[in-house]
Amino acid sequence: MRLYLLFLVLSVLMFMWACRTEIPFDPGTLEPETNDTIPGDTMVVNPIDTSVMDTVAQPCDTSMVYFQSDILPILVGNCAFAGCHDPISAEHGLIMTSYEGLTAHGGTVVPYNLDKSELYEKITEDDLSDRMPPPPNAALTQTQISLIAKWIEQGALNNQCDELMVCDTSTVSYVADLSPIFSTYCVTCHGDVNPNAGINLNSYSGVSTAAKSGKLLGVITWSNGFIKMPQGGNQLSACNINLIDAWITQGALNN
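In terms of my numbering, the sequence shown has 94 at position 93, counting the first letter as 1, and numbering is strictly consecutive.
Structure below.
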């Protein structure tokens, strides 16, 4: 009887051992190993390499003013010349050839506040002895002043963008397309008063003459043998250059 009971106990224990499931507890998220493969498939599951992922460039926002393409060319062309705010002269310790130089002094530009921004105060000053650029240099145009004001009101950011917008050059107008370009980037040096090199880009006749001579396209495309314009500033955007080129190709009309 005792042997029978012993045999019965051993049988139960062996049965329980055979049915035991070996599943370890893992509270973490189950992830595939680097070289795990799916059964029946030859594809290797590897970690994602984010260093080679494509980045999507953002187009320029037409409602925004960008420092690098809109504001810096104005400052370089009208303020950063010899005896004023170029790196050598650095009048009043202010250098206007970079964002860092412009904002090195706290009160020069105060984001979102035109009244406290000395830059805006100087370019709109009625007293010629305090106005910048100083006489006999011409004052900034209203277009240039408006761009600087809008840039400050938008936070005076050191911003730039990739110009991915479609540039329509099918029919280019001198009044609507080209005149604003020259007004923003050129007329302070090439305006009605003492235009540099005798080239006045504040009128159709002056622009037309420069265009037909080949000089206009040469200087803005930075071609060999031509002075790079805007002088000391960034090159005009590809769209602006294409607009000027198309206008010349279309006959340089006063349209």
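All C-beta atoms in this analysis are idealised placements derived from N, C-alpha and C, irrespective of residue type, glycine included.
Report the rounded CA-to-CA distance for residue i versus residue j, giving the unit in angstroms.
i      : j      : result
Pro181 : Gln69  : 18 Å
Thr257 : Leu95  : The structure shown does not extend to residue 257, since the chain is modelled only from 2 to 256, so the question has no answer here.
Ala212 : Gly107 : 42 Å
Asn201 : Val188 : 7 Å
Gln161 : Gly207 : 31 Å
Lys151 : Leu179 : 21 Å
Ser130 : Gly84  : 16 Å
Gly215 : Ala198 : 15 Å
Ala157 : Leu254 : 37 Å
Met230 : Val111 : 29 Å
Met97  : Asp71  : 14 Å
Val139 : Phe82  : Here residue 139 turns out to be Ala, not Val, going by the sequence shown. Between Ala139 and Phe82, the C-alpha separation is close to 14 Å.
Asp127 : Met133 : 10 Å
Asp116 : Pro196 : 32 Å
Gln155 : Leu217 : 33 Å
Asp87  : Ile249 : 34 Å
Asp62  : Asp163 : 10 Å
Ile149 : Asn159 : 13 Å
Leu174 : Thr109 : Checking the sequence shown, residue 174 turns out to be Ser, not Leu. Their Cα atoms are separated by approximately 37 Å.
Phe227 : Val194 : 23 Å
Gln232 : Asn114 : 30 Å
Ser147 : Ser118 : 14 Å
Asn241 : Gly219 : 14 Å
Cys190 : Asn235 : 15 Å
Ile89  : Glu122 : 24 Å
Thr210 : Asn225 : 20 Å
Hey, out of the options, whose CA is closest to residue i's CA?
i      : options                        : result
Asn243 : Cys80, Ile221, Asp62           : Ile221
Val176 : Asp131, Ser99, Gly215, Ile245  : Ile245
Thr170 : Ala247, His86, Pro88           : Ala247
Leu237 : Pro196, Ile75, Gly252, Thr63   : Ile75
Pro135 : Thr185, Phe183, Cys80, Thr98   : Cys80
Trp223 : Val77, Ala239, Val173          : Ala239
Ser99  : Ser90, Glu119, Ser118, Val77   : Val77
Gln145 : Glu92, Val173, Val66, Ser204   : Val66
His93  : Tyr113, Asn114, Leu120, Leu73  : Leu120
Thr125 : Thr142, Ser209, Tyr113         : Thr142
Asn256 : Gly219, Pro137, Ser204         : Ser204
Thr172 : Phe183, Ser209, Asn235, Gln251 : Gln251
Pro137 : Gly192, Cys168, Ser118, Glu101 : Gly192
Thr185 : Ser64, Leu73, Pro60            : Leu73
Pro60  : Cys168, Ile153, Gly102, Ala91  : Cys168
I'd like the span of the alpha helix (DSSP H) that includes residue i, first residue to last.
i      : result
Glu127 : For clarity, residue 127 is Asp in the given sequence; the question names Glu instead. Per DSSP, Asp127 belongs to no alpha helix (DSSP H) and is neither H nor E.
Asn203 : No alpha helix (DSSP H) contains Asn203, which DSSP labels as neither H nor E.
Val77  : 73-79
Thr185 : 180-186
Asn255 : Unbroken run through Asn255: none, as it is neither H nor E.
Gly233 : Neither: Gly233 is in no alpha helix (DSSP H) and is coded neither H nor E.
Tyr100 : 100-103
Ser147 : 143-154
Leu218 : 216-221
Just to confirm, does residue i get its C-beta within under 7 Å of one of the non-hydrogen atoms of the ligand ZN?
i      : result
Ile228 : The ligand ZN is absent from the structure shown, which contains no ligands of any kind.
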